[in-house]
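With the first letter of the sequence shown counted as 1, position 78 gets the number 77 in numbering that gives the first Met the number 0; the numbers rise by one all the way through. Beta carbons are placed, not taken as given, at the ideal position from N, Cα and C, and that holds for glycine.
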Amino acid sequence: MPPRPPPSISAAVFNRTATPATRETLSRLLSSTQWSLSTDGTGIQRRYEFGGFNKAMMFWNRVADECKNKGHHPEWANVYNKVEIRWTTHEPRGLGEIDVQMAEFCDKAADEIGLKKKKPVATEAEPKEAKETEAKPSSGGLLDEMVPTGSECNVCVGTKKK
């Protein structure tokens, strides 16, 4: 698999106060959580798995309310207890500070609602000790089928200045 491109930082300024995301902030987010860089480097994405559909919808609605407050929306998909979400800025294309802020908001909301507990698994090297399974970052799936990375956002296309 070829290496992913470096992050593409957007020059966008949201609500006239937010600054563009820095590579340091993005690096911290990508190294300390389950977020991964999208294949084209213009977004960050993650899959959350909750204990059931109701918790997934609680998360969905909480994020949707914050999206309204911030005036920024994700690319996302839901199947039963799983929510895949990608944050990117469509105009100008790339990652903006608002994307990082919303990713951090999602992590906080998911922690408050409660993610599905992972079953301990033993490895050959540690047969008697249980090791917590790790969630793998989203690398495609339903979200990429519905909204391929690098595609135009229907909402943003209608609001572009000519």
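Where does residue i land, buried or exposed, given buried means 16+ other C-beta within 10 angstroms?
i: Pro73; result: buried
i: Pro91; result: exposed
i: Val99; result: buried
i: Gly93; result: buried
i: Asp31; result: Per the sequence shown, the amino acid found at residue 31 is Ser instead of Asp. Looking at its Cβ environment, which holds fewer than 16 other Cβ atoms inside 10 Å, Ser31 is exposed.
Could you work out which residue in the options is closest to residue i when comparing CA atoms only?
i: Phe104; options: Lys117, Val62, Pro91 and Asn80; result: Val62
i: Gly42; options: Glu23, Thr32, Ala109 and Arg85; result: Arg85
i: Lys54; options: Val78, Arg27, Cys66 and Ser37; result: Val78
i: Leu114; options: Tyr47, Ser35, Glu65 and Trp34; result: Tyr47
i: Asn80; options: Leu36, Thr38, Phe49 and Trp34; result: Phe49
Do you know offhand how far residue i's Cα is from residue j's?
i: Ile97; j: His89; result: 12 Å
i: Phe52; j: Val82; result: 10 Å
i: Thr87; j: Gly40; result: 10 Å
i: Asp106; j: Met57; result: 13 Å
i: Leu25; j: Gln44; result: 12 Å
i: Arg27; j: Gly95; result: 15 Å
i: Ala109; j: Pro6; result: 25 Å
i: Lys67; j: Glu111; result: 20 Å
i: Gly70; j: Asn60; result: 15 Å
i: Asn14; j: Trp75; result: Summary for Asn14: the model assigns pLDDT 41, below 50, so the residue's position carries little reliability, and this model does not support an answer.
i: Glu23; j: Leu29; result: 10 Å
i: Thr38; j: Met101; result: 19 Å
i: Ala129; j: Glu65; result: With a pLDDT of only 40 at Ala129, under the threshold of 50, the placement of this residue in the model should not be trusted; the figure read from the coordinates follows. Cα-Cα distance, rounded: 38 Å.
i: Leu36; j: Lys116; result: 25 Å
Indicate, with yes or no, if the ligand FAD has a heavy atom lying under 7 Å from the CB of residue i.
i: Ser35; result: Absence of the ligand FAD from the depicted structure is noted, as is the absence of any ligand whatsoever, leaving it without description.
Bridge partners of residue i, per DSSP?
i: Gly42; result: Thr87
i: Glu48; result: Lys81
i: Ser35; result: Gln44
i: Arg27; result: Arg27 is not bridged to any residue.
> Where are the beta strand (DSSP E) runs, 3 residues long or more, that stay fully inside the stretch 55–81, in chain order?
Replying inline: Within the stretch 55–81, complete beta strand (DSSP E) segments of at least 3 residues are found at 74–78, given in chain order.
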